[in-house]
Amino acid sequence: MAETVRGQELLIPTPECRCNGTPPTPEQTEGPYYKPCTPYKTNFRNDVGTGTPMVLSGRVVGLDGKPVGGTLLDFWQVGDEGVYDEEGFTLRGHQFADTAGNWRLETVLPAVYPGRTRHVHVKVQPPGGAVLTTMLYFPGERRNRLDRHFRPECLMNVRETAEGWEGSFTFVLPV
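Counting from 8, one number per residue, gives the positions in the sequence shown under our numbering.
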């Protein structure tokens, strides 16, 4: 995959290939707005009265492509106003992947805010394993190329529907 900046094509280094050819999901900063001890929650829409509905879903697999059931996923994001809740747990919560490694979060489309492109934060921890902190990004966002944290390997598959947005992503863990 290549990106163009100021008319120059920048090539992204080929990632190290493992087993089925898919490298692990890259580690990223958690940023200043992470809060531990989030409530179990698979629906963030009840947290906010506004915002474009979005459903995120996907799988958690190991390098061999096999599902990693029981994986903890802890999500946090901004809403349509572009502000993190620092007092409570609005647009914050955790869940567990089912035995087939599947997960699903009902939420709202996060806003773009100064210095950042549209994204969702997540910590992913397989049973008894290390925590992966990363972010999920939206393809086609003009600000992707301007965001110093943006990683193309963390782009979701996204589509707009009559009900809102749908995004999917498979986390690949080195287990």
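Where a beta carbon is used, it is the ideal one built from N, C-alpha and C, also for glycine.
Keep in mind it's a predicted model, so treat the numbers as computed, not measured.
* Chain-order list of residues whose beta-carbon lies under 7 Å from that of residue 145 (same chain, five-residue window excluded) -> The sequence position of residue 145 within the sequence shown is 138, counting from 1. The answer, listed in chain order, is 125, 163, 165.
* To do: Indicate whether residue 90 and residue 117 have their beta-carbon atoms separated by less than 8 Å.
  => What you label residue 90 is simply residue 83 of the sequence shown in a count that begins at 1. What you label residue 117 is simply residue 110 of the sequence shown in a count that begins at 1. No, Cβ-Cβ distance for residue 90 and residue 117 is not below 8 Å.
* To do: Look at the alpha carbon of residue 168 and the alpha carbon of residue 43, and state the distance between them as a whole number of angstroms.
  => Numbered from 1 along the sequence shown, position 161 holds the residue referred to as residue 168. Numbered from 1 along the sequence shown, position 36 holds the residue referred to as residue 43. Take the alpha-carbon of residue 168 and the one of residue 43: they are about 33 Å apart.
* Asked: Rounded to whole angstroms, how far is the Cβ of residue 68 from the Cβ of residue 108, which I believe are closer than 8 Å?
  -> To locate residue 68, count along the sequence shown from 1; it is residue 61. To locate residue 108, count along the sequence shown from 1; it is residue 101. Yes, they are in contact, since the Cβ atoms of residue 68 and residue 108 sit about 6 Å apart, within 8 Å.
* Asked: Leaving out the 5 sequence neighbours to the left and right, which residues in its chain are closer than 7 Å to residue 76 when beta-carbon positions are compared?
  -> Counting from 1 along the sequence shown, the entry for residue 76 is found at position 69. Cβ neighbours of residue 76 beyond the five flanking positions: 104, 105, 106, 107, 108.
* To do: Measure how close the beta-carbons of residue 62 and residue 123 come, nearest whole angstrom, since I'm counting them as under 8 Å.
  => The count along the sequence shown starts at 1 and reaches residue 62 at position 55. The count along the sequence shown starts at 1 and reaches residue 123 at position 116. Not a contact, Cβ separation roughly 22 Å.
* Cα-Cα, which of 136, 87, 130 is closest to residue 114? -> Against the sequence shown, residue 114 aligns to sequence position 107. Comparing Cα positions, the closest option is 87.
* **Identity of the residue in 35, 137, 172 nearest residue 182 by Cα** => Counting from one through the sequence shown, the residue named residue 182 turns up at place 175. Per the Cα distances, 137.
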